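Numbering (my numbering), first residue to last: 634 to 936. C-beta: ideal position from N, C-alpha, C; glycine also. All values derive from a computational prediction rather than experimental measurement.
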């Protein structure tokens, strides 16, 4: 039986463009990302950093970090759900190797038959699985490479897949931190009619970490990102305070234009006890922004 969607053609078209360009690849599954306004390129490495900046994991102090996260994005709009599992291990204080898996569910839509009645519902979804490797070249300087498989399903008979890669470089000198990354470089994703480029992006980050004393640390981070094919710019800035490597408080601001993630303020907390980590973030959008009220939380373990 021929099936049609129960939503307006314009909405279908917008949803297809979103899926076809695999924009979910630029949706983070890390609570710290949202807490710091998206400025995590120079932040301390955690389990999810293997997917966003593999080079930073080779400069980290953790021997192992694993975590799972869940997020509800655009709760008053598309109401997307994000699930992720991520982690890495550091070998010989120089080589980091990790895996990340992310699954994103979008708002379901009705499927209507020729008689006009609702026959079923379908939930579009996106998925990525990736391997990340970081290597410390010399003290304070590291490179990272990620390779990933991407799968996206718009509706029952329309899906596509692709392969992508990232490359990153991180440098640290005392408190100063610098990082560069090029992400989502790879094949086009094809749903059976027109192939679409992956949302390739160039990133530049700068940060500074100040050890106030043995128990208190304050760090500030700023990042600018440019979406190559969309010709869109977004930026973020964040401030993080840590006490005794047990409690973290974060605030951030993210700027985004109409073609990228909308602007927002954010805040988050993190707790670490006996190696168990718990992190959360909450997003406050402007006016009637669909991102307002989004949140993300993670539970993990590291040592």
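{"Asked": "Member of 754, 730, 749, 796 whose CA lies at the smallest distance from the CA of residue 740", "Found": "754"}
{"Asked": "DSSP bridge partner residues for residue 870 (one or two, in chain order)", "Found": "855, 886"}
{"Asked": "Per-residue DSSP class, three states only, for residue 813", "Found": "strand"}
{"Asked": "C-beta contact flag for residue 899 and residue 884 at 8 Å", "Found": "yes"}
{"Asked": "Beta strand (DSSP E) runs contained entirely in the stretch 753-841, provided each spans 3 or more residues", "Found": "758-771, 774-788, 791-806, 809-819"}
{"Asked": "Assigned secondary structure, residue 726 (DSSP; H/G/I helix, E/B strand, else coil)", "Found": "coil"}
{"Asked": "Terminal residues of the beta strand (DSSP E) in which residue 702 lies", "Found": "697-706"}
{"Asked": "Cα-Cα separation, residue 697 to residue 771", "Found": "21 Å"}
{"Asked": "CA-to-CA distance, residue 743 to residue 852, given in whole angstroms", "Found": "47 Å"}
{"Asked": "Residue 916 classed as buried or exposed, judged by whether at least 16 other C-beta atoms fall within 10 angstroms", "Found": "buried"}
{"Asked": "Helix, strand or coil at residue 658 according to DSSP, with G and I counted as helix", "Found": "helix"}
{"Asked": "Limits of the alpha helix (DSSP H) - the one that residue 690 falls within", "Found": "687-690"}
{"Asked": "Whether residue 669 touches residue 676 by CB criterion (8 Å)", "Found": "yes"}
{"Asked": "Cβ-based neighbour list, residue 707, same chain, cut-off 8 Å, excluding 5 preceding and 5 following", "Found": "713, 923, 924, 927"}
{"Asked": "Cutoff 7 Å; reference residue 876; Cβ partners in own chain excluding five residues on either side", "Found": "848, 849"}
{"Asked": "Status (buried if at least 16 other CB within 10 Å, exposed otherwise) for residue 635", "Found": "Here residue 635 scores only 39 on pLDDT, less than 50, and its place in the model is too uncertain to base an answer on."}
{"Asked": "DSSP three-state assignment for residue 682, whether helix, strand or coil", "Found": "helix"}
{"Asked": "Of the residues 817, 921, 913, 672, the one placed nearest residue 931, counting alpha carbons only", "Found": "913"}
{"Asked": "Residue 935 versus residue 663: straight-line alpha-carbon distance, rounded", "Found": "15 Å"}
{"Asked": "Residue 931 - DSSP class collapsed to helix/strand/coil", "Found": "strand"}
{"Asked": "Three-way DSSP call (helix, strand, coil) for residue 896 in this model", "Found": "coil"}
{"Asked": "Which residues DSSP lists as bridging residue 865, in chain order", "Found": "860"}
{"Asked": "From 797, 711, 702, residue whose alpha carbon lies closest to that of residue 783", "Found": "797"}
{"Asked": "Inter-residue Cα distance where the pair is residue 657 and residue 746", "Found": "30 Å"}
{"Asked": "For residue 906: DSSP bridge partner residues", "Found": "909"}
{"Asked": "Three-way DSSP call (helix, strand, coil) for residue 922 in this model", "Found": "coil"}
{"Asked": "Same chain, Cβ closer than 7 Å to residue 785, neighbours up to 5 away in sequence not counted", "Found": "652, 655, 759, 792, 793, 822"}
{"Asked": "For residue 653, the three-state DSSP class (helix, strand or coil)", "Found": "The pLDDT assigned to residue 653 is 41, lower than 50, so where the model puts this residue is not dependable; a value taken from the coordinates is nonetheless given after this. In this structure, residue 653 counts as helix in the three-state DSSP scheme."}
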